[in-house]
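Engineer: This is the structure I want to talk about, given as structure tokens.
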Amino acid sequence: MDVKEEVRMKEEIRMKEEIRMKEEIRMKKRISLKETFEKFVPEWNEENVFIGQVVVAVLVGILTIVLIFRLFRGGSKKRGVLLVGLCESGKTLLFSRLCHNQEVVSVTSMKESSGEYTYGKKSLTIYDLPGHERIRINAFEKVKKLARGIIFMVDSATLQKDVRDVAEYLYTILCDNAIQTSKTRVLVACNKQDLSLARSAQLIQKTLEKEMNLLRVTQANQLQSVGEGGNNNRYLGHIGKDFEFSHLSPMKVEFVEVTTKGGENLYPLTTWLQQLA
């Protein structure tokens, strides 16, 4: 036998030995897994099947709770605050103070503006929506699903002559399906309290309640929804009782007095925003 043939035979023997050792190792692993399974999992009898069903039911329950929690938590991602109201109610001035800490000359805007209001490590996106009657509903429609809260600005000095328009706009917002479903918080900011003709927040609330009580009769089945193209037929308040904002629970509507000019009195409003954040 020459040297080459001897080397070849030794190589074949070595390879066969490696294959045999690998097969032994594989068999040992299979036996080990089987023994482990049999050690920790008893034979399936009626009692064990019941226990298994209970365990599965508990796991499914936990998974369902987690999914529901994530679903509701998703609502907390709404970080928008809609700044709405009639023209010249002080929206843009308030927006400038909240987002840029400065006072600007107010002009009638034809499209929405947005900016960040920060409080510590928290922040909200403020959307200043146009107050012109021809475009305000369309502007509201674009961003209403982002709303965590709504600030409805009212000129406290001119409410008496604008009460019908103010009430109709607020009524439309409060009837919106998206706003009611998400139980969006609403703050009615009675602005320009520095003027001599300004009415108090309490008087403005009573005035709007009286006007909206009339609106329910004439518009409950006429106003078209600003949400998803459906009819806005929701009845605000309690049937058979005069309208009150407290009847809208769990939706919360609050009234505060503010003065945006000069930033003299914004504390009630900024406190509300900080709670919302």
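Just so you know, we're using our numbering here: the sequence shown kicks off at 17 and counts up by one.
Heads up, the beta-carbon is just placed ideally off N, CA and C, and yes, glycines get one too.
Leu203 to Leu98, Cα distance in whole Å?
Structural biologist: 10 Å
Engineer: In whole angstroms, what is the alpha-carbon distance linking Gln196 and Ala205?
Structural biologist: 20 Å
Engineer: Would Leu289 pass as a contact of Leu140 if the rule is Cβ separation under 8 Å?
Structural biologist: yes
Engineer: Leaving aside the five residues before and after Glu227 along the sequence, list all residues of the same chain whose C-beta is less than 6 Å from its C-beta, in chain order.
Structural biologist: Val179 and Ala183
Engineer: So what does DSSP say about Met267, is it helix, strand or coil?
Structural biologist: coil
Engineer: When burial is assigned at 16 or more other CB atoms within 10 Å of the CB, is Glu22 buried or exposed?
Structural biologist: exposed
Engineer: Tell me whether Val274 is buried or exposed, calling it buried when 16 or more other Cβ atoms sit within 10 Å of its Cβ.
Structural biologist: buried
Engineer: Within the continuous beta strand (DSSP E) that includes Tyr133, where are the two ends?
Structural biologist: Ser129 to Tyr135
Engineer: Take Gly165 and list the residues in its own chain whose beta-carbon comes closer than 6 Å to its own, dropping the five residues that flank it on each side.
Structural biologist: Correct list, in chain order: Val97, Arg201 and Leu292.
Engineer: Taking the alpha-carbon of Ala1 as reference, which of Lys199, Ser216 and Leu162 has the nearest alpha-carbon?
Structural biologist: Given a span of 17 to 293 for the chain in the structure shown, any question on residue 1 remains unanswerable.
Engineer: Only counting the same chain, and skipping five residues up and downstream in sequence, which positions put a Cβ closer than 6 Å to that of Lys127?
Structural biologist: none
Engineer: Would you mind stating whether Lys161 and Met267 have Cβ atoms separated by less than 8 Å?
Structural biologist: Their beta carbons are not under 8 Å apart, which means Lys161 does not touch Met267 by this criterion.
Engineer: Does Val72 come out as helix, strand or coil in the three-state DSSP assignment?
Structural biologist: helix
Engineer: Run through DSSP, which three-state label would Val202 get?
Structural biologist: Assignment of Val202 by DSSP, reduced to helix, strand and coil, places it in the strand class.
Engineer: Looking only at C-alpha atoms, which of Val70, Val272, Ile29 and Leu102 sits nearest to His209?
Structural biologist: In the sequence as displayed, the identity of residue 209 is Gln instead of His. The shortest C-alpha separation from Gln209 is found at Val272.
Engineer: Measuring only the C-alpha atoms, how far is Glu225 from Phe261?
Structural biologist: 7 Å
Engineer: Any idea what DSSP makes of Leu211, helix, strand or coil?
Structural biologist: coil
Engineer: Is the beta carbon of Tyr185 sitting closer than 8 Å to the one on Leu102?
Structural biologist: yes
Engineer: Since Phe168 sits in a beta bridge, which residues does DSSP pair it with?
Structural biologist: Val100 and Val204
Engineer: On the CB-based measure, 16 or more other CB atoms within 10 Å of its CB, does Val170 come out buried or exposed?
Structural biologist: Flag for Val170 reads buried.
Engineer: Kindly identify the DSSP beta-bridge partner or partners of Thr275.
Structural biologist: Beta-bridge partners assigned by DSSP to Thr275: Asn281.
Engineer: With a Cβ-Cβ cutoff of 8 Å, do Ala163 and Lys107 count as a contact?
Structural biologist: no
Engineer: Can you tell me where the alpha helix (DSSP H) with Ser112 in it begins and where it stops?
Structural biologist: Lys107 to His116
Engineer: Just confirm the distance between the C-beta atoms of Asn207 and Ser105, as a whole number of angstroms; I'd bet it's less than 8 Å.
Structural biologist: Confirmed, Cβ separation roughly 6 Å.
Engineer: Just to confirm my understanding: we take Lys26, look at its own chain, exclude 5 residues before and 5 after, and list those with CB closer than 7 Å. What are they?
Structural biologist: Hits under 7 Å: none found.
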